[in-house]
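Data block below; observations after.
Residue numbers (this note's numbering): 53 to 614.
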């Protein structure tokens, strides 16, 4: 790469004049390209225009007379690359080395000795893969810098002096689904392809990195106003979220992003990383596919979430979960016919944790398949000890259809427990039928053919569709408690209960009303034709050890009537 040497010499005046007896030919030959000239003290005597461009040096900032460390500190080179170039200048390394700049591009550097103990450092663009460059820690899968190198670059930028910079952290939403459904090799292919897109989408002043797993970061050197950072983050989310062709099929992902800024959110590297991470967690908690800027109150929420994630993993490993069971009663015969299994978590210090708090988190963490399999196995094992024909109803998460082999989990639970299949009822919500309706329906048919009963849970609260009820012969429709309690208005709730029970009767399906707490509510749902009931009127959820007494109580006392 040639340049006008005379123009460069005029632009960057040497700190000392060239003597008549200097080997000018050697000097000019050495400077036939982007180069730095250093005197015997390794003070910068000349920086060519092309070298200044490659290193992204400010042409107005004084370079001549400055130390090499000072000049390199203003460059786009990362800390490890600056150290390698300094070693090259001090003759403590081989006469050539390869570096990497903040954009992830490679640079070649060569040392040439000159008269009067001077040296020239020649630079040459070298776009070799970053992982092949010495003195530079990279992520082996993506070729981006790793967390250690990224943190070092962030420390260096912050130490360079006052000035704004931005930090964007991106995370793939539910990346574990790709790993679980397509395999870890396809997951790695996705990460590598995404990293390549990320690198090409950024400017030369931006530094991308893979922090951990499916979490990436960008150190933004220009355009650090919040609206600019937000715009960049959203463009990255859109571009990185375009479909990928993996294993011969298109794969679509979503991303969330968190933003932090210096100096507003801190001047310490670890603080900024925590702020961006807290903002990312806030974005994911708000519903994924979102971008959030850091706010101080996010720290507390983020720390609470992190602790909850750790505690949830520990709870599963240490078997802190248990099942409680709530009675289900037949309206016409006044008989107890089954129990619904309800998951409970007794935290060692917090006490009972609401399922509404930990179940969504378990779904987001990809833990519902193993937790759901444990629930099935435990419920079947405990139900096998009850008097026949009392059965058990188990609610299945929509994600168990997507990420786990539900059929295998059911078969294993029945086989190990010896429970007859007709005594197990699987409750499935309408949302489980939306993501992949054909595959879900096929699995439900397999379950039903094996003798397991299937119930549509919380019918009428979400995406109710008569087509779904007609396309699959559910055994039962479960009426949500909001229609029973009067939360939607007594008249409206009663009309909806009447419509659902009528629909169930016409399709040959039983209907069960949940949340029945008073005799008045019982009479209403009975009058509207509901065939089964469940609620506090008949008993609160209790652990398995208390069930013999509950069963005996139903055998000796009639069901409540008005």
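Ideal Cβ placement from N, Cα and C applies to all residues, glycine included.
Being a predicted model, the structure only gives us computed values, none of them experimental.
| query | Does the segment 99-113 touch the segment 123-142, meaning 3 or more C-beta pairs lie closer than 8 Å? | reply | Yes, since at least three Cβ pairs between the segment 123-142 and the segment 99-113 fall closer than 8 Å, the two stretches touch.
| request: Inspect the beta-carbon positions of residue 174 and residue 165 and report whether they are closer than 8 Å. | output: The residue labelled residue 174 in the question sits at position 122 within the chain shown. The residue labelled residue 165 in the question sits at position 113 within the chain shown. Contact flag unset, no.
| said: With three or more C-beta pairs closer than 8 Å as the rule, is the segment 484-498 touching the segment 450-464? | reply: When C-beta atoms of the segment 450-464 are compared with those of the segment 484-498, three or more pairs fall below 8 Å, so the two segments count as touching.
| request: Ignoring anything shorter than 3 residues or poking outside the segment 93-150, list the beta strand (DSSP E) runs there in chain order. | output: For the segment 93-150, whole beta strand (DSSP E) runs of length 3 or above, ordered along the chain, are 96-99.
| Is it a yes or a no for the segment 432-444 touching the segment 599-607, going by three-plus beta-carbon pairs under 8 Å? | Touching, yes, given that three or more Cβ pairs across the two stretches are closer than 8 Å.
| request: Can you say whether residue 387 is buried or exposed, counting buried as having 16 or more other CB atoms within 10 angstroms of its CB? | output: Here residue 387 refers to the residue found at position 335 of the chain shown. Under this definition residue 387 is an exposed residue.
| query | Between residue 227 and residue 239, which are expected to be in contact by the criterion C-beta below 8 Å, what is the C-beta distance as a whole number of angstroms? | reply | As a working note, residue 227 is residue 175 in the chain shown. As a working note, residue 239 is residue 187 in the chain shown. Contact check for residue 227 and residue 239: beta-carbon distance about 7 Å, within the 8 Å limit, so the pair qualifies.
| query | In three-state terms, what does DSSP make of residue 268? | reply | What you label residue 268 is simply residue 216 of the chain shown in a count that begins at 1. The three-state reading of DSSP puts residue 268 in strand, counting E and B together.
| Beta-carbon proximity check, residue 353 vs residue 369, cutoff 8 Å | Along the chain shown, one-based indexing puts residue 353 at 301. Along the chain shown, one-based indexing puts residue 369 at 317. Not closer than 8 Å, so no.
| field | Beta-ladder partner(s) of residue 374, from DSSP | value | For this step, residue 374 is matched to residue 322 along the chain shown. For residue 374, which the question treats as bridged, DSSP gives the partners 396.
| task | Could you check which residue in 473, 485, 479 has the C-alpha nearest to that of residue 501? | result | Within the chain shown, numbered from 1, the residue matching residue 501 stands at position 449. Nearest C-alpha to residue 501: 473.
| request: Could you name each continuous beta strand (DSSP E) segment of 3 residues or more that falls completely within the segment 412-486, going from the start of the chain to the end? | output: Listed in chain order, they are 443-448, 476-481.
| task | Please state if the CB of residue 303 and the CB of residue 621 are separated by a distance shorter than 8 Å. | result | An answer regarding residue 621 cannot be provided, because it is not within the stretch 53 to 614 covered by the chain.
| Which stretch, first to last residue, makes up the alpha helix (DSSP H) that contains residue 510? | In the chain shown, the residue the question calls residue 510 occupies position 458. Counted as a single uninterrupted DSSP element, the stretch harbouring residue 510 is not any alpha helix (DSSP H) but the beta strand (DSSP E) occupying residues 505-511.
| field | residue 497 versus residue 524 - alpha carbon distance | value | Here residue 497 refers to the residue found at position 445 of the chain shown. Here residue 524 refers to the residue found at position 472 of the chain shown. The C-alpha of residue 524 is placed about 8 Å away from the C-alpha of residue 497.
| Collapsed DSSP secondary structure at residue 391 in the structure displayed | Here residue 391 is taken as the residue at index 339 of the chain shown, counted from 1. Strand.
| Counting along the chain, where does the alpha helix (DSSP H) carrying residue 305 start and finish? | Walking along the chain shown from the start, residue 305 turns up at place 253. Careful: residue 305 lies outside any alpha helix (DSSP H) and carries neither H nor E.
| task | Select from 114, 176, 168, 116 the residue whose C-alpha is nearest the C-alpha of residue 137. | result | In the chain shown, residue 137 corresponds to position 85, counting from 1. Among 114, 176, 168, 116, the Cα nearest to that of residue 137 belongs to 176.
| field | 8 Å Cβ shell around residue 372 - same chain, five flanking residues per side excluded | value | Here residue 372 corresponds to residue number 320 of the chain shown, with the count starting at 1. Result list for residue 372: 366, 397, 398, 399, 400, in chain order.
| Taking C-alpha atoms, which residue in 481, 243, 343 lies nearest to residue 287? | Locating residue 287 in the chain shown gives position 235, where the first residue counts as 1. Among 481, 243, 343, the Cα nearest to that of residue 287 belongs to 343.
| task | Look at the Cβ atom of residue 168, then the Cβ atom of residue 92, and state whether they are nearer than 8 Å. | result | In the chain shown, residue 168 corresponds to position 116, counting from 1. In the chain shown, residue 92 corresponds to position 40, counting from 1. A contact, by the Cβ cut-off of 8 Å.
| said: Spatial neighbours of residue 427 within its chain, please: C-beta separation below 7 Å, excluding the five flanking residues on both sides. | reply: Locating residue 427 in the chain shown gives position 375, counting from the first residue. In chain order, 375, 393, 395, 446 place their CB closer than 7 Å to the CB of residue 427, counting only its own chain and leaving out the 5 sequence neighbours on each side.
| query | Quick check: the segment 582-596 against the segment 565-572, are there 3 or more CB pairs under 8 Å? | reply | Touching, per the Cβ criterion.
| said: Rounded to whole angstroms, what is the Cα-Cα separation between residue 151 and residue 202? | reply: Stepping through the chain shown from its first residue, residue 151 is reached at position 99. Stepping through the chain shown from its first residue, residue 202 is reached at position 150. Residue 151 and residue 202: Cα-Cα distance of roughly 15 Å.
| residue 570 by DSSP, collapsed to three states: which one? | Residue mapping note: residue 570 aligns to position 518 of the chain shown, counting from 1. Coil, per DSSP.
| query | residue 222 and residue 307 look like a contact to me (Cβ under 8 Å); what is the Cβ gap, rounded to whole Å? | reply | The residue given as residue 222 occupies position 170 in the chain shown. The residue given as residue 307 occupies position 255 in the chain shown. Contact between residue 222 and residue 307 is confirmed by a C-beta separation of about 5 Å, below the 8 Å threshold.
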